[in-house]
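**Q** Below is one structure. I have some questions about it.
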Amino acid sequence: MQKRKLVRVLEGESVFPPPVWLMRQAGRYLPEYRATREKAGGFLDLCYNPDLATEVTLQPIRRFGFDAAILFSDILVIPDALDRGLHFVQGEGPKLTPIRPDEIAHLDPSRGETHLSPVIATVGRLRQELPDETTLIGFCGAPWTVATYMIAGHGTPDQAPARLFAYRNPAEMETLLYLLAEMSADYLIRQLQAGADCVQIFDSWAGVLDEASFEAYAVRPVARIVEKVRAAVPGAKIIGFAKGAGTLLNTYREKTGVDAVGLDWSVPVSQAKELQKAGAIQGNLDPLRLIAGGKALEDGVDRILDNLGDGPLIFNLGHGITPEAPITHVEALLDRIRTAKP
Ligand code: CP3
10 MQKRKLVRVL
20 EGESVFPPPV
30 WLMRQAGRYL
40 PEYRATREKA
50 GGFLDLCYNP
60 DLATEVTLQP
70 IRRFGFDAAI
80 LFSDILVIPD
90 ALDRGLHFVQ
100 GEGPKLTPIR
110 PDEIAHLDPS
120 RGETHLSPVI
130 ATVGRLRQEL
140 PDETTLIGFC
150 GAPWTVATYM
160 IAGHGTPDQA
170 PARLFAYRNP
180 AEMETLLYLL
190 AEMSADYLIR
200 QLQAGADCVQ
210 IFDSWAGVLD
220 EASFEAYAVR
230 PVARIVEKVR
240 AAVPGAKIIG
250 FAKGAGTLLN
260 TYREKTGVDA
270 VGLDWSVPVS
280 QAKELQKAGA
290 IQGNLDPLRL
300 IAGGKALEDG
310 VDRILDNLGD
320 GPLIFNLGHG
330 ITPEAPITHV
340 EALLDRIRTA
350 KP
């Protein structure tokens with residue numbers, strides 16, 4: 010069989026039309042997702058149920074035929090394995106027990122292996138059930154983004170609690186990030202060994218860090234994950250999504266060793282072209298253009314394809330699809346990409 014399209018792009022090949030998938034493509038904008046989630050009970054029950062997690066991962070593939078499926082799980086299963094009191098309150102997002110500096114030395118990463126086994130079982134099932142041509146993407150959260158939730162205990166607009174925690178307790182912050190890096194690397198290694206073609210590291214909160222903190226908390230722990238994963242799985246393909254990193258993205262790929270950089274919608278075409286000279290890029294349509302549809306959607310898609318379509322590109326949104334996105338607009342997006350002329 011020929012190599013899967015998205016993997017070829019990760020190796021640096023230019024493919025047109027580009028492979029396309031959407032962050033959060035399995036989710037609440039799909040009625041079939043809402044029905045399965047209902048059946049599972051809670052959101053975490055869905056993440057740890059291999060039958061139902063496989064089902065919701067496949068739903069957007071069956072409906073739209075995306076080039077890649079992303080494992081259905083959540084970045085917060087790692088703090089859940091650390092017994093941090095994770096629960097999801099409907100309409101409010103995740104809640105955890107805020108971690109104190111003195112608790113960090115007592116975290117026990119050894120629970121990760123058993124706790125995460127159902128997710129690894131889902132990966133194996135997915136590889137058997139997906140169409141042969143569909144790439145399977147595994148993932149984890151970047152240590153910084155996962156730590157922001159562990160420290161605040163919930164989502165915040167600017168992650169002030171985690172930033173302050175880091176300035177006040179730099180040694181404990183380093184200990185926490187490297188513990189998360191080791192656990193995340195082990196988790197990604199298992200996903201790759203179970204059949205994932207590549208993995209993505211989500212650093213959704215990289216953009217709140219100043220330059221020195223970006224280097225210490227976003228770059229170095231991710232570089233450690235990349236190094237550990239490649240030592241166990243030589244040539245492992247890795248996408249790094251450091252949302253909001255701006256001009257700091259220019260050295261992010263080089264310093265972390267990721268194969269592709271994910272771009273949020275604020276990254277201009279000029280910078281994206283520069284980044285593309287060194288390898289694959291992924292992104293970066295504003296998710297709100299998908300909600301608006303019509304000309305806003307068409308112009309957004311065309312601008313990406315016209316400017317970046319001749320290099321190694323994975324088409325995606327600049328962040329996750331939202332529950333408000335109409336299904337007909339997702340269809341229009343795919344049609345626009347797949348009928349485009351180089
Ligand atoms: O992309 C996919 O389809 C795969 C599954 C996936 C989910 N979360 C499912 C999910 C992935 C890759 C994630 C990543 C994730 N989770 C991130 C990084 C990416 C990003 O969006 O910034 C973060 C920060 C989280 C933590 C998290 N999980 C939050 C803040 C929330 C609440 C926000 C919301 O949309 O409700 C979740 C819940 C969550 N994770 C849902 C889904 C489908 C919604 C839960 C539901 O069904 O009600």
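For the sequence shown, position 81 matches number 90 in my numbering, and the numbering has no gaps at all.
Even for Gly, the Cβ is constructed at its ideal location relative to N, Cα and C.
Bear in mind that the values here come from a model prediction, so they are computed numbers and not experimental data.
1) So Leu-15 and Pro-28 are in contact, right, with Cβ under 8 Å, and what is the actual spacing, rounded?
2) Taking C-beta to C-beta, are Leu-372 and Leu-294 nearer than 8 Å?
3) Quick one: Cα of Pro-69 to Cα of Gly-147, how far?
4) State yes or no: is the C-beta of Ala-156 within less than 8 Å of the C-beta of Pro-170?
5) Check the DSSP bridge columns for Gly-320 and list the partner residues they point to.
6) Hey, is the region 57-71 in contact with the region 124-135, meaning 3+ C-beta pairs nearer than 8 Å?
7) For the ligand CP3, is there a heavy atom less than 7 Å away from the beta-carbon of Phe-324?
8) Let me know the alpha helix (DSSP H) ranges lying completely inside the region 37-67, each 4 residues or longer, listed in chain order.
9) With hydrogens ignored, establish whether the beta-carbon of Gly-288 is closer than 7 Å to any heavy atom of the ligand CP3.
10) Taking Thr-143 and Ala-78 to be in contact with their CB atoms under 8 Å, please state how far apart those CB atoms are, rounded to whole angstroms.
11) Does the ligand CP3 have a heavy atom nearer than 7 Å to the CB of Asp-89?
12) Return the chain-ordered list of same chain residues with a C-beta closer than 8 Å to the C-beta of Thr-256, the five sequence neighbours on each side being excluded.
13) Figure out for me which residue from Gly-329, Leu-306 and Asn-316 has the closest Cα to the Cα of Leu-343.
14) Tell me which residues share the same chain as Glu-340 and place their Cβ nearer than 8 Å to its Cβ, disregarding the 5 neighbours each side in the sequence.
15) Using a threshold of 8 Å, state whether the C-beta atoms of Phe-97 and Leu-53 are closer than that.
16) Can you tell me whether DSSP reads Thr-144 as helix, strand or coil?
17) Are there any heavy atoms of the ligand CP3 lying less than 7 Å away from the beta-carbon of Ile-313, as far as the coordinates show?
18) Rounded to the nearest angstrom, what separates Gln-200 and Thr-184 at their Cα positions?
19) If you drop the 5 nearest sequence neighbours on each side, which residues of the same chain put their C-beta closer than 6 Å to that of Pro-152?
20) May I have the straight-line CA-CA distance separating Gly-121 from Gly-150, to the nearest angstrom?
21) Pick out whichever of Ala-175, Leu-95, Cys-207 and Tyr-196 has its Cα sitting closest to the Cα of Arg-13.
22) Under DSSP, the beta strand (DSSP E) around Phe-211 begins and ends at which residues?
23) Identify every residue that forms a DSSP beta bridge with His-96.
24) My output table needs one value for Phe-250: the three-state DSSP class, helix, strand or coil.
25) When every heavy atom of the ligand CP3 is checked, does at least one fall within less than 7 Å of the C-beta of His-328?
26) Pick from Arg-46, Leu-173, Gly-253 and Thr-165: whose alpha carbon is nearest that of Arg-109?
27) To test your reading of the DSSP string, which unbroken beta strand (DSSP E) runs of 3 or more residues are found completely within the region 129-203?
28) With distances taken between CB atoms, is the gap from Gly-272 to Tyr-158 smaller than 8 Å?
**A** Result, derived from the coordinates:
1) Start at 1 with the first residue of the sequence shown, and residue 15 comes out as number 6. Start at 1 with the first residue of the sequence shown, and residue 28 comes out as number 19. Between Leu-15 and Pro-28 a beta carbon distance of about 4 Å is seen, short of the 8 Å cut, so the two are scored as contacting.
2) Residue coverage of the chain in this structure runs from 10 to 351, which leaves residue 372 outside it and unanswerable.
3) The residue labelled residue 69 in the question sits at position 60 within the sequence shown. The residue labelled residue 147 in the question sits at position 138 within the sequence shown. Distance between the alpha carbons of Pro-69 and Gly-147: 16 Å.
4) The sequence position of residue 156 within the sequence shown is 147, counting from 1. The sequence position of residue 170 within the sequence shown is 161, counting from 1. Taking the C-beta atoms as reference points, Pro-170 is found no nearer than 8 Å to Ala-156.
5) For the purposes of this step, residue 320 is identified with residue 311 of the sequence shown, where counting begins at 1. Beta-bridge pairing by DSSP links Gly-320 to no other residue.
6) Taking 8 Å as the limit for Cβ pairs, the verdict is that the region 124-135 does touch the region 57-71.
7) Counted from its first residue, the sequence shown places residue 324 at position 315. Not so, every heavy atom of the ligand CP3 lies at least 7 Å from the Cβ.
8) Complete alpha helix (DSSP H) runs here, min 4: 40-49 and 52-56.
9) As a first step, residue 288 is located in the sequence shown; it is residue number 279 there, counting from the start. Not under cutoff, so the answer is no.
10) Mapped onto the sequence shown, residue 143 falls at position 134. Mapped onto the sequence shown, residue 78 falls at position 69. With a beta-carbon spacing of about 6 Å, Thr-143 and Ala-78 fall inside the 8 Å limit used to define contacts.
11) The residue you call residue 89 lines up with position 80 of the sequence shown. No, since every heavy atom of the ligand CP3 falls outside the 7 Å radius drawn around the Cβ of Asp-89.
12) Residue mapping note: residue 256 aligns to position 247 of the sequence shown, counting from 1. Hits under 8 Å: Gln-280.
13) Numbered from 1 along the sequence shown, position 334 holds the residue referred to as residue 343. Among Gly-329, Leu-306 and Asn-316, the Cα nearest to that of Leu-343 is on Leu-306.
14) Start at 1 with the first residue of the sequence shown, and residue 340 comes out as number 331. Short of 8 Å from the beta carbon of Glu-340, and not among the five residues preceding or following it, lie these beta carbons of its own chain, in chain order: Phe-73.
15) As a working mapping, residue 97 is identified with position 88 in the sequence shown. As a working mapping, residue 53 is identified with position 44 in the sequence shown. Result yes, Cβ atoms of Phe-97 and Leu-53 sit closer than 8 Å.
16) In the sequence shown, counting from the first residue as 1, residue 144 sits at position 135. Thr-144 carries a strand assignment under DSSP once its states are collapsed to helix, strand and coil.
17) In the sequence shown, residue 313 corresponds to position 304, counting from 1. For the ligand CP3, not one heavy atom lies less than 7 Å from the Cβ of Ile-313.
18) Here residue 200 refers to the residue found at position 191 of the sequence shown. Here residue 184 refers to the residue found at position 175 of the sequence shown. About 24 Å.
19) Here residue 152 corresponds to residue number 143 of the sequence shown, with the count starting at 1. Taken in chain order, the residues that qualify are Leu-186, Leu-189, Ala-190 and Pro-230.
20) Counting from 1 along the sequence shown, the entry for residue 121 is found at position 112. Counting from 1 along the sequence shown, the entry for residue 150 is found at position 141. Between Gly-121 and Gly-150, the C-alpha separation is close to 14 Å.
21) Taking the first residue of the sequence shown as 1, we reach residue 13 at position 4. Selected option, being the one with the closest Cα: Cys-207.
22) Residue 211 sits at position 202 when you count from the first residue of the sequence shown. Segment 207-212, the beta strand (DSSP E) holding Phe-211.
23) Residue 96 sits at position 87 when you count from the first residue of the sequence shown. Looking at the DSSP output, His-96 shares a beta bridge with Lys-104.
24) By one-based count along the sequence shown, residue 250 stands at place 241. Three-state result, Phe-250: strand.
25) Looking up residue 328 in the sequence shown gives position 319. It does: the Cβ of His-328 is within 7 Å (strictly closer) of some heavy atom of the ligand CP3.
26) As a first step, residue 109 must be located in the sequence shown, where it is residue number 100. A check of alpha carbon separations from Arg-109 across Arg-46, Leu-173, Gly-253 and Thr-165 identifies Leu-173 as the nearest.
27) The region 129-203 contains these whole beta strand (DSSP E) runs: 144-150.
28) Translated into the one-based positions of the sequence shown, residue 272 becomes position 263. Translated into the one-based positions of the sequence shown, residue 158 becomes position 149. For clarity, residue 272 is Leu in the given sequence; the question names Gly instead. Their beta carbons are not under 8 Å apart, which means Leu-272 does not touch Tyr-158 by this criterion.
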